[in-house]
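Read the structure below first, then the notes.
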Amino acid sequence: MEGAGIRLSGGHRNRHRREQIRRIRTHTGLVFQDFQLFPNMTAIENVMEGPVTVKRIQKEKARGRATELLATVGLADKADEHPIRLSGGQKQRVAIARALAMEPDVMLFDEPTSALDPELIGEVLAVMKALATEMHMTMIVVTHEMGFAREVAHRLVFFHEGRVHEEGSPTEMFEHTKFPETRKFLEAVL
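Quick note, the sequence shown lines up with residues 49 to 238 if you use the working numbering.
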C-alpha cells in the first residue's frame, strides 16, 4: 500500500498507463506536417476511414459527416479526388477534416504549413483560424508562423534547446520578451 491507494505491480501499472494513453488519444486530433493521407483513397475516403474503422460508425453516416467536413475546409468539390491530384494546401485541409472527423476535444498541429508552398499557407491558416475563432476548438500548434500565432493564440510557449524557455500571452511574448533567445528567434522569423 502507498498512502490510501493501491500499489500496482509493473504489469498492472503499464496496462493502466496504456489505457490512459488510449483514452487521451480518443479525444485528440493530430495533423502532421506532411499530411499522411492514404494515397489509395479519395479525399472523402480518407476523412471517413477513422470513424468507420475506429469508431465503427456506419459508412453512410460517416460519408455524410465527411462531406460536411470537406465543405467546412473548402473542399466539397474535391471529395472524389485522390491525394496525388490535390495541391499541398488541399492535402493539408483534407488532413484537418480527417482529424475533425474523430470529433476531438483538442487538435494538435505539427508544423502544419512547413511542407507548403508560400502561396498555399494562407488557405490552411484560414481554416485553422476558423477552427479557433468560430468553432472554439482547443488547439496546440507547433509553428514558425508568428503572425498567425500572434493573431489567434491565447498563450505562447517558446522552446529553446528542448525546454520551455519563455511563455506568456501574445502581448507579453511579442512586446515584452524576457530573454534574448526569444527576441532573436522573433526577429529572425518576423
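Note that beta-carbon positions come from the ideal geometry of N, C-alpha and C, so glycine has one too.
Per DSSP, the beta bridge partners of R211 are H208.
Here R111 is not near M89, since their CB atoms are 8 Å or more apart. Residues G137, Q140, R141, P160, T161, L164 of the same chain have their beta carbon placed closer than 7 Å to that of V172, with the five preceding and five following residues left out of the count.
Taken in chain order, the complete beta strand (DSSP E) segments of 3 or more residues contained in the segment 131-192 are 154-158, 186-190.
Secondary structure note for T76: its beta strand (DSSP E) is the uninterrupted segment 76-79. Rounded to the nearest whole angstrom, the C-alpha separation of H75 and V154 is 7 Å. With fewer than 16 other CB atoms across the displayed protein chains lying within 10 angstroms of its CB, I132 is exposed. Spatial neighbours of A149 in its own chain (CB-CB distance under 8 Å, excluding positions within 5 residues in sequence) are listed in chain order as V95, M96, G98, P99, A110, R113, A114, L117. With fewer than three CB-CB distances shorter than 8 Å, the segment 175-187 does not count as touching the segment 203-215.
With respect to H208, E229 sits close: the two C-beta atoms are nearer than 8 Å. Put simply, of G195, E151, S217, L179 the residue whose alpha carbon is nearest the alpha carbon of I105 is E151. Annotation: L238 to R231 spans about 10 Å, alpha carbon to alpha carbon.
For F222, the enclosing alpha helix (DSSP H) has its first and last residue at 218-223.
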